Amino acid sequence: MSSTFSRRSLMVGLGSAAVVSVGAPPLLKAQTAGTQGNLSLGMPKEGPDTPKLVAPLDIKSITDQSMRAVKQLGVDHVLMGGPPMPWTESQLRAILVKCKSGGLVVGNMMIGGFPNTIYGRPGRDNELELFKQSIRAAGKVGLPTIEYNFYAHRAIEGYYEVDGRGGAGLTGFDIDRLKSLPPLPEEGVHTLDEMWNNITYFLKAVIPVAEQCGVRLALHPNDPPIALSRGSGQIMGTVDGWKHLISIVDSPSNGITFDCGVTRETGHDPVEVCRYFGTRDRINHVHYRNPTVVVPYNRYVEGFIDAGDINMLAVMQELVKLKYKRLIYPEHERALDYDRAVGIHNQYPGGGGYAGMVFDIAYARAMLQAALILAS
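The numbering of the sequence shown is this note's numbering, which starts it at 882 and goes up by one.
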């Protein structure tokens, strides 16, 4: 994740149509209700009580063309990086109204720009006031979720490109690439205890405001999920850390972005972790991707969504079972030649663009439809 909201995508647009095999008995059972001649008419669709697939939209380029790129693929919800703090009601409303004109609902904005809060420096109280003003503005316009990061340092220096099937670009991570890197002057060195103190101060200040405004905050796990990065401890680098986070202030407004990919990178079972946070109503956003792990935490490859270690249908089934109704983002698209030919890619090694995202959301929709059929 990036607070400047590349979200590993330079363009938006995702598509539908992937194929999943499911057993005949549950499929036939699901097809009998409300049909003619025991045959179903059409596939399950998203609704108020189902998860919703979401695509990224660049806040600086909300055009008729960019919105059509989302709508043509059957996606009705978008997320984006928010403006600089403090957000204002008029500013957010203009964005939401523009998206609504294209048939799109904004369901999540990323917020950033509070380094003094993250590092416990002078000036954090002023940042917290700007953050609270932004939450209030979000509440007034009906923006349900604000996503954020709390990295002491994000270890992107460990990424490198890997050749995938047919020469497609994959993103590898190896902790050995980080071992000799010194702390950065603008970040400094911070112990794990210090970082927990800083986020506790932050949560106790902002979560009551979020509750009052009907807004949920979603903290993304550390990605890559390593314990120490350029000398600083990483509070969201372990599943135990995620669990501790939601205990600091006990509120649905204090939740996480459940990333099944990062969960697997830590060596945990994504379905079990999904169940832990979902049964506590602390999943406020979902990232849906599928890495192949060599050494938990330290060495893995982010590959195609259909080819990693995770049973992606099982994850989707768990979300449906939990009655999760918020957004699912099939992120981290792979670098395909189609996008390379037109110069569309993101800044991460092996990362792709529009065509890669079409593949990811098509697969995610197939998983969602299969999960809904099996749950009926």
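From the three backbone atoms N, C-alpha and C, an ideal C-beta is built for every residue, glycine too.
These figures come from a predicted structure and were not determined experimentally.
Inter-residue distance for Gly-1053 and Met-924 is about 36 Å (C-alpha atoms, whole angstroms).
In the displayed model, Arg-1180 falls within a strand according to three-state DSSP.
In this structure, the beta-carbon distance from Asn-1079 to Thr-998 falls below 8 Å. Gly-1020: member of the alpha helix (DSSP H) spanning 1005 to 1022, first to last residue. For Gly-1159, the closest of His-1149, Lys-1202 and Ile-1191 by C-alpha to C-alpha distance is Lys-1202.
Counting only residues of its own chain and dropping the five nearest sequence neighbours on each side, Lys-1021 has a CB closer than 7 Å to the CB of Glu-970. Rounded to whole angstroms, the separation of the alpha carbons of Asn-989 and Ile-1242 is 17 Å. Sixteen is the threshold: since fewer than 16 other Cβ atoms of the shown chains lie within 10 Å of the Cβ of Thr-1072, the residue is exposed. Ala-1091 sits buried, since 16 or more C-beta atoms from the chains shown fall within 10 Å of its C-beta. If you draw a straight line from the Cα of Lys-926 to the Cα of Gln-972, it is about 32 Å long.
With contacts defined by Cβ atoms closer than 8 Å, Lys-1124 and Asp-930 do not form a contacting pair. Annotated three-state conformation of Ile-1137 is strand, per DSSP.
Its chain contains Glu-1199 and Leu-1203 as the residues whose beta carbon lies nearer than 8 Å to that of Arg-1156, once the 5 sequence neighbours on both sides are disregarded; these appear in chain order. Taking His-1101 as reference, the option from Glu-1008, Tyr-1210 and Val-1043 with the minimal CA-CA separation is Tyr-1210.
Here Ala-1222 is exposed: its Cβ has fewer than 16 other Cβ atoms, across all protein chains shown, within 10 Å.
For Leu-960, no alpha helix (DSSP H) encloses it; the enclosing beta strand (DSSP E) starts and ends at 958 to 962. Inter-segment contact for the region 976 to 988 and the region 1033 to 1040 is absent: fewer than three beta-carbon pairs are separated by less than 8 Å. For Val-1090, the uninterrupted alpha helix (DSSP H) segment begins and ends at 1073 to 1094. Look at the region 1200 to 1250 and you find these whole runs of alpha helix (DSSP H), each 4 residues long or longer: 1218 to 1222. Of the candidates Phe-1139, Gly-1069 and Val-1130, the residue whose Cα lies closest to the Cα of Val-1120 is Phe-1139. Annotation for Asn-1165: the continuous beta strand (DSSP E) segment containing it runs 1164 to 1168. By the Cβ criterion, the region 1211 to 1231 is not in contact with the region 946 to 954, since fewer than three pairs of Cβ atoms, one from each stretch, lie closer than 8 Å.
By the beta-carbon neighbour count (other beta carbons within 10 angstroms, threshold 16), Arg-1246 is buried. Sequence-distant partners of Ala-1256 (beyond 5 residues in either direction) whose C-beta falls short of 8 Å from its own C-beta, in its chain, are Gln-1198, Val-1201 and Lys-1202. Looking only at Gly-1047, Asp-1220, Ala-1099 and Asp-1057, the smallest Cα-Cα distance to Pro-1133 is reached by Ala-1099.
Distance from the Cα of Met-948 is smallest, within the candidate group Ile-992, Pro-1106 and Lys-979, for Lys-979. Here Ser-1015 is buried: its Cβ has 16 or more other Cβ atoms, across all protein chains shown, within 10 Å. Collapsing the DSSP output to three states places Gly-988 in a strand. Per DSSP, reduced to three states, the secondary structure at Ala-1252 is helical. Judged by their CB atoms, Pro-1177 and Thr-1144 are not nearer to each other than the 8 Å cut-off. Asp-1055: member of the beta strand (DSSP E) spanning 1050 to 1055, first to last residue.
Secondary structure of Asp-939 (DSSP, three-state): coil. For Leu-1126, the closest C-alpha among the options Asp-1006, Arg-1163, Val-959 and Gly-1069 is that of Arg-1163.
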